[in-house]
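Reading through the structure tokens given below for one structure.
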Amino acid sequence: MRFDFSDWTALQPGSDASTYLAATPETVLWGRLPCAADRAVMTVASGTVVTVDTVSHEGVLPEQGQDPVAYFARHGVPRELVLDDAVAVASRMHHDPADGPHVVTGPIGVEGARPGDLLRIDVVELEPRVPYGVISNRHGRGALPGEYPATPETVSVFAAVQDDGDGAFGVLPRSADSEAVVRFPLAPFLGLIGVAVAGEERAHSVPPGAHGGNLDIRLLVPGTTLFLPVQVPDALVYVGDPHFAQGDGEVALTAMEASLRVRLGFDVIAREDAVAAFGDLAGPMAETSDFLVPTGMDEDLDVAVQNCVRAAIALLQARFGMDPRHAYAYLSAATDFDISQVVDQVLGVHARIRKADFA
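Residues in the sequence shown are numbered from 11 upward in steps of one, following this note's numbering.
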């Protein structure tokens, strides 16, 4: 089916923001994450808000022809709604099939960040750059790798952003040959936010870890904060894997993947202050207006849940002075443990601890 994009304009590269990082072949990695040996493409002071362009990997991958103009034209997208930076990445960069799919913007150095500190990343604004996205299921991936896709080819479902006058929403066909659609709410977020790993080897972009990376936590919408343990001097933070929408689990492998322009605030929290506020964080932790969100990860989902519970207990001890027995009981009575994603090799779980319970 064809969607009407006549009222939409793309956010092409370029911004009048005072601190802006474009996604160019010189400022992105494709499928790998920065390490200590990488040099920052931009360095900012703690307390700075940076505007960053991100490019979705969907539509630029070799399996999709590595030609986003042609790929999206098949879905009725005119050339002016295809991002110039996506075209540049596809035409000027090589993608190693052994690497991850993600186009990663950065790294950004944050002055004064040292190993042992925490980097606070405030999500200020997330702005869709195009009115469409793609949801893909690839062989050997997803929650049902032996069942889907049912055909030899990758299945990539095109999804559009539409607006009925009361706000934008996502739309996709109910089947390949149907004009009937299903519509769903949009909640853009960055699937991938991280800091550089120690050493001289760039990490694969797919599995998340203590460095953050491909967390796929859909709670990270504007107004929320992510805390990451710094592993190398100046942190060397990076972003990518932009989404317009995702359900917890992300079961097909990708969600509604689509490019975003983001505004993020970076602040360094010294180790002693971080330990006093959060305990000794071994991995990422988020905070929303309503919840504290510790995380747990492992290749085994059971172990990921256990790691998340341990992180939640430690957080309640540090933040509210609870003893472990009572923290464990409280978590069982009052806290939801949600599956972040089950498709990134290392699986993710996050807890939602209500801050109002401790008012």
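In this text, a Cβ means the ideal position worked out from N, Cα and C, and glycines have one as well.
From the options, residue whose alpha carbon lies closest to that of residue i
i, options, result
"residue 16", "142, 332, 330", "142"
"residue 363", "337, 264, 187", "337"
"residue 307", "195, 284, 219, 329", "219"
"residue 3", "301, 28, 349, 351", "One cannot answer for residue 3 here, as it falls past the ends of the chain, which runs 11 to 369."
"residue 172", "191, 38, 159", "191"
"residue 36", "51, 30, 22, 329", "51"
"residue 110", "224, 24, 144, 26", "224"
"residue 53", "318, 343, 277", "277"
"residue 1", "58, 137, 20, 103", "Here the chain has residues from 11 to 369 only, and residue 1 is not among them."
"residue 241", "291, 66, 217", "291"
"residue 154", "317, 259, 43, 365", "259"
"residue 350", "311, 86, 197, 331", "311"
"residue 145", "236, 318, 170, 316", "170"
DSSP state of residue i mapped onto helix, strand, coil
i, result
"residue 343", "helix"
"residue 78", "helix"
"residue 13", "coil"
"residue 42", "strand"
"residue 248", "strand"
"residue 279", "strand"
"residue 338", "helix"
"residue 166", "strand"
"residue 146", "strand"
"residue 260", "coil"
"residue 140", "coil"
Distance, residue j Cα to residue i Cα
i, j, result
"residue 72", "residue 299", "40 Å"
"residue 116", "residue 243", "15 Å"
"residue 121", "residue 272", "20 Å"
"residue 333", "residue 327", "6 Å"
"residue 303", "residue 279", "18 Å"
"residue 32", "residue 63", "5 Å"
"residue 229", "residue 199", "8 Å"
"residue 118", "residue 99", "19 Å"
"residue 5", "residue 13", "Missing from the structure shown is residue 5; the chain here goes from 11 to 369 and no further."
"residue 286", "residue 329", "8 Å"
"residue 348", "residue 359", "6 Å"
"residue 55", "residue 289", "25 Å"
"residue 137", "residue 335", "43 Å"
"residue 186", "residue 168", "10 Å"
"residue 67", "residue 152", "17 Å"
Cut-off 8 Å between Cβ atoms - residues of its own chain near residue i, not counting five sequence neighbours on either side
i, result
"residue 309", "355, 356, 357"
"residue 233", "133, 298, 299"
"residue 57", "275, 276, 277"
"residue 213", "42, 43, 45, 207, 219, 221, 223"
Which residues DSSP lists as bridging residue i, in chain order
i, result
"residue 360", "305, 348"
"residue 237", "130, 295"
"residue 330", "Answer is none; residue 330 lacks a bridge partner."
"residue 191", "183"
"residue 52", "118"
Cβ-based neighbour list, residue i, same chain, cut-off 7 Å, excluding 5 preceding and 5 following
i, result
"residue 97", "78, 79"
"residue 18", "91, 141"
"residue 81", "69, 74, 75"
"residue 211", "45"
"residue 47", "210"
"residue 27", "61"
"residue 20", "90, 91, 93, 139, 140"
Residues of its chain near residue i, where Cβ-Cβ distance is below 6 Å and the 5 sequence neighbours each way are ignored
i, result
"residue 238", "129, 205, 222, 294"
"residue 322", "304, 341, 361"
"residue 126", "281"
Residue i CB to nearest heavy atom of the ligand FAD below 7 Å
i, result
"residue 357", "Because no ligand of any kind appears in the structure shown, any question about the ligand FAD cannot be addressed here."
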